[in-house]
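Below: the structure, in structure tokens.
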Amino acid sequence: MTPPAQAAAEREALAPMPLIAGHPTDAQLNTELLAPIFSPNETWKKLVGLAAMGSGMLVIGLTVTIARGIGMWGNNQPVGWAYDIINFVWWIGIGHAGTLISAILLLFQQKWRTSINRFAEAMTIFAVMQAAMFPLVHTGRPWFAIYWLFPYPNTMGIWPNFKSPLIWDVFAVSTYFTISLLFWYLGLIPDLATLRDTATKRTQRIAYGIFALGWKGSSRHWQHYRIGYLILAGISTPLVLSVHSIVSFDFAVSQLPGWHTTIFPPYFVAGAVFGGFAMVLTLIIPARKVFRFNNVITDRHLENMAKVMLVTSMIVSYGYLMENFMAWYSANPYESYLFFVTRPFGHYAAIYWIMLFCNVIVPQTFWWKKARTSVAWLWIASILVGIGMWAERFVIIVISLYRDFLPSSWGLYAPTWVDWFIFGGTISFFSLLFLLFLRFVPSVALAEVKELNHEMQHEKAHAAGGHP
Amino acid sequence: MKSLPVIQDHAEPRPPGHRSLWQSVEELEARAAAGRGEFAAGAAEVPPELSRRSFMQILGASAALGGLTACQPPREKIVPFVHEPVENRPGKRFHYATALSLDGYATGLLVGSADGRPVKVEGNPAHPTSQGASSTWDQGALLDLYDPERAKGYWRAGNALSWRGLLAEIQKLAREHEADGGAHLAFLLAPDASPTQAELRRGLQARFPKARIHVWAPVTEENATEGARIAFGRPLELRVSLDPARAILSLDSDFLSGQGESLRLTREFARHREPGAEMSRLYVAEPAMSLTGVNADHRFRMKGAEVAPFARAVAAQLGVVPGAPVLSPELTRAAKAVAADLAAHRGRSVVLAGLRQPPAVHALVHAMNAALGNVGVTVRHGRPVLGDAAPSSAALPALAREIEGGKLDTLVITAWNPVHAAPAGLDLGALLARIPNALYLSLREDETSRRCSWRLASSHPFESWGDARSRDGVASLVQPLIAPLYESTTAIDLLAAFLDAGDRGALRHVKAHWAARSALDPATFEAHWEGWLRQGVIPGTAEPAEAAPVDLAAVASALGRLPGAKGEGLELALAPSYGLFDGRFAGNAWLQELPDPITKVSWDNAAYLSEATAKRLGVEGGQVVTLALGSRSVQAPVMVMPGHADDAVTLSIGYGRTDGSAVSKGVGVDAYRLREAGAWFAPGLTVTAGKGKHKFAVAQGHFSMEGRPLALDFSTKEWATDAGRAELEHLHGLPATAQVPVDYSKQEYSWGMSVDLSRCTGCNACVIACQEENNIATVGKEQVAKGRIMHWIRTDRYFSGPVANPQTITQPVMCQHCETAPCEYVCPVNATVHSEEGLNEMVYNRCVGTRYCSNNCPYKVRRFNFLAWRPEVPDVETLLFNPDVTVRSRGVMEKCTYCVQRIEGARIDARTGGKKIGQVQSACQQACPAQAIVFGNLNDPQSRVKKLHDDERRYDLLHELGTRPRTAYLVKIRNPNPDLA
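As structure tokens, this is what we get:
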């Protein structure tokens, strides 16, 4: 091989994979990306039926809980929180990748976010919807909790306790949900207009027309849109950090060994991004296959996400390490017992080791490009990470609670069928919402992909034109 | 005489000459139902065609029946106040003195009554047995009173009888039996020291000279009586005083258990458990861990049959009887040391034998106490107060023979449930069914009532008039707190009915007896009577002590007759249960749910055995095994009990009921199926491992403190050195990390509590007292197993040392009312807040039930209403609730409030009186026989609680967390014998 050819080959090998495969035109992109909306898919119908059935479990689980009481769950003394708060933290964590991809990567001008941000944002909203259910239904008297947790003026002069992290949760989660929804919707407007314009059926035109809010794509519109989108991105960015920090305060502010840990806020945020990206991968890999989005959601996207997971996994692992180090270094007998006896050898040791395997070992494979580009392994690994993150919350919540200070009060926890119904139900309901989203809303940010496409072709043309 | 057409059911109007036609079965049934109407004819409305004639008919009948009330016996009625006394106001609590007897021995009580219904049981401070304390069983009596499943009315062969009808029937029966002197009449009575009943019994004997009066109960003290007969030649009773005792040897005597005089003994024992010259030392020799064994300074575990040789060895060392048996080197050394210690405390020591031990051991104990010069100091002897009403285990076999011999037509049973508790192999149920007239008086329907032709509901003691005597003879009057909730009668009325005096009413019998006995003129008597009722005791009724020389030769010969302890084979040991006693409390959900003080098992009994024996038999905890004695066997789940003697299995009686209320049925294993009449120990037990696995509901599964400084104990030696105290130094006061203390000095009151672990025996009286005071729900076995027991105060129990014979410590834990409470700041709705007097308050109305407070509570004393524990409360049970305490609903957190309702009650009284709040007692403190719990005002330098907070034994539980609890603990001091170290 001649040196120039060799250099070119090396460059080729190092050059990132393309973000958009081929040279599609705008019309091609329209047809390709709006296909799920205009030409329904049989697989989709089956999946929706399945998810709807699964959501029935959620309805049953919640009905039983509200009608009979929390006693229908496995929660007890001393394990006051279990699946309820595990699921809450897990879902909130999953909801993190969306905003991170949309907002932070937007501000950092990471172009690869364009094809997947819509997915991720939708996932965020639906995940936060699942999560938001738990703070309410986990209470003994949700019919009061639904408004007593908000600071509303009343004749009794009673306010919520602003010292309680649960109140901070209420504000953090509701703010996060509102901003995420607005951000998602604002990003959707140009695409809704495209839908309105390409729709052939009158009902679709009217429906999408209403939601498009009269978008015409004028430069004036684009100017306001850009400013608005950037402002929301700016607001969302600190939220990514704040929400899970505050969720971590639920634990860090208490005095229970395994909860009372100052490293929790960053460790929770990293864990959330980690778990969130895993969920994006879990969803996007089958979705791009079913809807044939391979052109715009390329292996490069998947690889980038794997890299993010590798980094966040290392942060999470560092968190695990530090927790153990602190337990040893503090010489606190209660903490030492938790970290060196209860977690690794206690009744729920298996869950602890699953956590370590899924969250620490599995992502280490992403040092190898082969692993990052193997779609099948990525999908399996992403599911394992999802399980690992759920196990992490089990370890934090149940394992810390079931053996705390006084051995006289130690007691085991076992979930009931209602716990499983609610957990399975939220997964199904999440899937249902996601499937509906895939079917009725452009799941890839059409306008942004087109823009990126133009930019890339423009750059290519310049490169071909022999600019120095 | 012409008979008039009486008011009848309306027949369906039918056209003449037509048969009634119907189209479907439903229509036919609907028509029939419509015709019946909701009420019986004439009950709800006047018949439609009220003719002049039928009007006159009803009028006449009303007039005639109206007069019938005058024929009712003069039953003593409790009526609401017609003229409200001026001092009464709604919600004000009145206390009435009464007494409750357990197998004939009375404990004096003060029962609190709110708006005419008894709501809280307290001990009567003036009563010698109670001294203000009360036991779990005394407290539990209240739940029995309001049990909706109590027996109601009088039934003969399934037909209801009126009281008058019953009296008439009994009168008829009595006349028939009088004819042949009562040759076909027998009584099976419960043991009772009531002087009125004794008089009635004498009356019965006079009227029916040939009738047999048996007295029976499952748990008897016959061995002690027999032992006294050997030692003294007559059945004298032992009266123990632990106050002067410095060395105590218990030979399988569970004197802290709740039976007999345990309240007084616990108080006297606890008083001398504080370090100092007055401190006593307790040695216990026993098979299974008992409450007394838990509190021992030295506990020697041995099979039940080995206690006698051990006692002999100690006696031989003391030179009481010759001939020491061969013991293991360890026990020989122990016997030597114990004997030396007892001898060193001549005249200040005491030896006690348990009711399960054979008469010879009791006789030997009398000899030892005499030899040690304890008579007149720690022990006295007196005539037994039960007299002829002492229970005998031979009663049931004798009765069975009488029935089989066809000698019985009428049997009157007031003893508790003889069918269930009959000796194994005696099918008393079938025999009872053969008696034409078996009259059974019982509080609840049970196995026996199903077999008796006459079922008579018994009034609860809180509904009855009567009298009773404590173990030392002091008599008390039993007065009702409420009119009988159901149609029911008392033993006095029933026995009197056989003397044709059933219509006099129990009050008159009791009053007549005491009037005659006191020989006062009527006016003075009335005043005295009032005074006795108010006081709860009748002065001058105590049995005097009698001097009695011990016949050493008889003791030695009785010991010689004892069968030698066989080293081989398994021994079955039966024991009364701490919750259900002999089973009579099986219908009481509080006592069923109360965890066993040692094993913490709730709603169950188990075959307890030692770890080594379990290993040898190849069984493990929870495994169901077959316990067989000869041809009899029961299936029981195994539980390993630390400190249990090897080669022995202990099973509590009182469980495994097949009949009775929903609460009692099917809980645990029926140990009576293995029991010979009156026997407690049986050799030759075989244990066959089964396959089944039993799930226990254990309220405290973990036995070890894991090396954490939680329930602290020191030996007297450790405590005497500075090292012991230095260890405590950093466990109280303000931790370095805590914030500046809140200044309470400007407040008049600052509430606090102290718990003395040296005093606490772990008897659980506080648990039930709290449950009663604070309307705490029971949750049932399944929920206890899930970890949802609701007790606000629990007695934690930890073992340390070898599993074979560990040291035990008990620690009552309730809300610590932390100054910087971890629960308070995490509650999102401000439902748990700090009061300005330092209480950690729980606002039920505001609670939404996030359970965050419970998660953050390091003491885990908060209790959550996971389900609606009381979805529907029967009307009668609502009477049970303390009106001063909110009944919590589902989804709400609850916990100990330091009995805030009592503080507020005292505040109201103080305010109206213009005074400061005086003494306030929490419910747990008031019940505690050991006086281990003290509550009060920390701002009062004179208060006992303040002094205890400043005691050098004080420490704070989990002090290093900086929670700064208002409940202080005082370390337990053990007093081991240096010779046995």
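Chains A and B supply the protein sequences, listed in that same order. Residue numbering for the first sequence follows the numbering used here, beginning at 1 and increasing consecutively. Residue numbering for the second sequence follows the numbering used here, beginning at 1001 and increasing consecutively. Note that beta-carbon positions come from the ideal geometry of N, C-alpha and C, so glycine has one too. All of these numbers come straight from a predicted model, not from anything done at the bench.
Beta-carbon gap between A1930 (chain B) and T1761 (chain B) smaller than 8 Å: yes
For Y2058 (chain B): DSSP bridge partner residues: Nothing can be reported for residue 2058 (chain B), as the shown portion of chain B is limited to 1001 through 1981.
Proximity of A1296 (chain B) and T1650 (chain B) at Cβ, strictly below 8 Å: no
Counted within 10 angstroms of its Cβ, other Cβ atoms place T1069 (chain B) as buried (16 or more) or exposed: Model confidence at T1069 (chain B) stands at a pLDDT of 45, short of 50, so the residue's coordinates are unreliable and nothing is read from them.
Cross-strand partners of V1215 (chain B) (DSSP beta bridge): B:L1189
Own chain partners of P1976 (chain B) with C-beta closer than 6 Å, once the 5 adjacent residues on each side are dropped: For P1976 (chain B), where only same-chain residues beyond five positions count, the Cβ hits under 6 Å are D1297, S1715.
Partners in chain A for N1939 (chain B), counting only beta-carbon separations shorter than 9 Å: Near N1939 (chain B) there are no residues of chain A at all, since even the closest Cβ is about 27 Å away, more than 9 Å.
Validate contact between the stretch 1475 to 1490 of chain B and the stretch 1458 to 1466 of chain B using beta carbons, cut 8 Å, 3 pairs: yes
Coil, strand or helix - V1412 (chain B) by DSSP: strand
Classification of I231 (chain A) by the beta-carbon crowding that lies within 10 angstroms, buried from 16 upward: exposed
Any chain A beta carbon closer than 8 Å to Q1289 (chain B): First, the residue type needs correcting, since residue 1289 (chain B) is Met and not Gln in the sequence shown. So no, M1289 (chain B) is outside the interface.
Residue environment, E1786 (chain B), which counts as buried when at least 16 other CB atoms sit within 10 Å: Sequence check: residue 1786 (chain B) is Lys here, not Glu. Answer is buried; the Cβ neighbour count reaches 16.
Contiguous beta strand (DSSP E) assignments of at least 3 residues, all confined to the stretch 1809 to 1844 of chain B: 1832 to 1834, 1840 to 1842
Bounding residues of the alpha helix (DSSP H) (the contiguous stretch that carries Q1925 (chain B)): 1923 to 1927
Alpha carbon of S180 (chain A) to alpha carbon of R1954 (chain B), nearest angstrom: 56 Å
Selection from B:L1331, B:A1677, B:P1325 that minimises the alpha carbon distance to R1299 (chain B): B:L1331
Listed by chain order, chain B residues near R141 (chain A) by CB distance under 9 Å: C1847, V1848, G1849, S1889, R1890, G1891, V1892
Where the stretch 1771 to 1802 of chain B meets chain A: residues whose CB sits under 8 Å from a CB there: Those residues of the stretch 1771 to 1802 of chain B that come within reach of chain A (Cβ to Cβ, closer than 8 Å) are Q1783, K1786, G1787, R1788, I1789, R1794, D1796, R1797, Y1798.
Beta-carbon neighbours of A145 (chain A), restricted to chain B and to distances below 7 Å: V1848
Where the stretch 1681 to 1706 of chain B meets chain A: residues whose CB sits under 7 Å from a CB there: Q1700, G1701, H1702, S1704, M1705, E1706
Ordered list of beta strand (DSSP E) runs contained in the stretch 319 to 353 of chain A, each at least 3 residues: none
Short CB-CB distance (under 8 Å) between Y1859 (chain B) and chain A: yes
When B:G1849, B:G1304, B:S1290, B:P1806 are compared against P1563 (chain B), the one with the closest alpha-carbon: B:G1304
CA-to-CA distance, P1874 (chain B) to A1547 (chain B), given in whole angstroms: 55 Å
G258 (chain A) versus E1824 (chain B): straight-line alpha-carbon distance, rounded: 20 Å
Spatially closest choice to A381 (chain A) from A:L182, A:W112, A:N359, by CA coordinates: A:N359
Nearest to A1106 (chain B) (by Cα), restricted to the options B:A1545, B:W1590, B:V1900, B:A1468: The residue with the shortest Cα to Cα distance from A1106 (chain B) is B:A1468.
Sub-8 Å separation of I354 (chain A) and G319 (chain A) beta-carbons: no
Buried or exposed by the 16-neighbour rule on C-beta atoms within 10 Å, applied to D1388 (chain B): exposed
Chain B contact residues for W91 (chain A), given Cβ-Cβ distances below 9 Å: Listed along chain B is no residue with a C-beta nearer than 9 Å to that of W91 (chain A); the closest approach is about 18 Å.
Beta-carbon proximity of D1604 (chain B) to V1667 (chain B), cut-off 8 Å: Yes, they are a contact pair.
Partners in chain A for C1827 (chain B), counting only beta-carbon separations shorter than 7 Å: The contacting residues are N161, S164.
Contact with chain A by S1449 (chain B), beta-carbon distance below 8 Å: no
Three-pair Cβ contact test at 8 Å for the stretch 409 to 422 of chain A versus the stretch 77 to 84 of chain A: yes
Whole-angstrom C-beta distance between I315 (chain A) and A270 (chain A), which should lie under 8 Å: 4 Å
Status (buried if at least 16 other CB within 10 Å, exposed otherwise) for A1211 (chain B): Its Cβ being crowded by 16 or more others within 10 Å, A1211 (chain B) is buried.
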